[in-house]
Amino acid sequence: MLTMARNHKPADPRGGHVRIYWEIIDSMAWRVVGYSAHSLYGVMRRKLTSTNNGNISATLSDLKAYGWTAPTTLSKALRELQAVGLIAVTRQGGIAFGRQVCTLYRFTDEPMHEWPKLGISALGATNEWRELKTLAEAKEAVKSSPS
28 MLTMARNHKP ADPRGGHVRI YWEIIDSMAW RVVGYSAHSL YGVMRRKLTS
78 TNNGNISATL SDLKAYGWTA PTTLSKALRE LQAVGLIAVT RQGGIAFGRQ
128 VCTLYRFTDE PMHEWPKLGI SALGATNEWR ELKTLAEAKE AVKSSPS
């Protein structure tokens with residue numbers, strides 16, 4: 028019984044938490060995206076568990092509980108996060124199999140498990156945001172992202 032207790036991690040009495048590493052916050056990618064993108068990243072990160080990276084949605088209906096009300100603000104924030112490589116699309120949304128499906132995202136700093144039912148393959152962390160070495164490169168990435 029004592030052995031089991033040593034191997035069991037006690038739950039945090041305050042509940043779950045969102046982890047954003049300093050390397051990301053100090054990156055050029057983080058510096059150029061707007062406050063809406065920072066907020067969205069945190070809310071999306073709230074959904075991340077140890078196995079669901081790649082199966083993260085960011086629909087307006089999902090985010091209304093967190094104060095998101097404007098589709099244009101959400102769209103711009105998603106575009107910025109993708110442009111600098113902090114998130115990436117794993118499944119493009121639209122009409123599929125006679126029904127509407129949402130776009131799914133992954134965090135590029137975390138590995139992604141396979142989701143066969145969603146047609147998503149496993150992938151290690153790709154860290155595209157690290158490729159932006161200067162503020163000018165990061166600004167250009169956001170500026171040249173498709174609208």
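In my numbering, the protein residues as written are 28 to 174.
For glycine and all other residues, C-beta sits at the position ideal for the given N, C-alpha and C.
None of the values given here were measured: they were computed from a predicted structure.
CA-CA distance, W57 to K144, rounds to 32 Å. Contact check for T130 against T153 fails: the beta carbons are separated by 8 Å or more. When the beta-carbon positions are compared, P138 and N80 come within less than 8 Å of each other.
Ranking Y48, R106, H44, T76 by CA distance to the CA of L67 puts R106 first. A residue is called buried when at least 16 other Cβ atoms come within 10 angstroms of its Cβ; G125 does not meet this threshold and is exposed. When Q119, L108, S148 are compared, the shortest CA-CA separation from G61 is found for L108. Listed in chain order, the non-local C-beta contacts of A110 below 7 Å within the same chain comprise A168, V169, S172, local neighbours out to five positions each way being set aside. Spatial neighbours of R72 in its own chain (CB-CB distance under 6 Å, excluding positions within 5 residues in sequence) are listed in chain order as V45. In the structure shown, the three-state DSSP call for L150 is strand. The DSSP-derived three-state label of G121 is strand.
Given a length threshold of 4 residues, each whole run of the alpha helix (DSSP H) inside the segment 47-91 is given here in chain order: 49-52, 55-59, 62-74, 87-90. Judged by their CB atoms, V59 and K166 are nearer to each other than the 8 Å cut-off. In the displayed model, V169 falls within a helix according to three-state DSSP.
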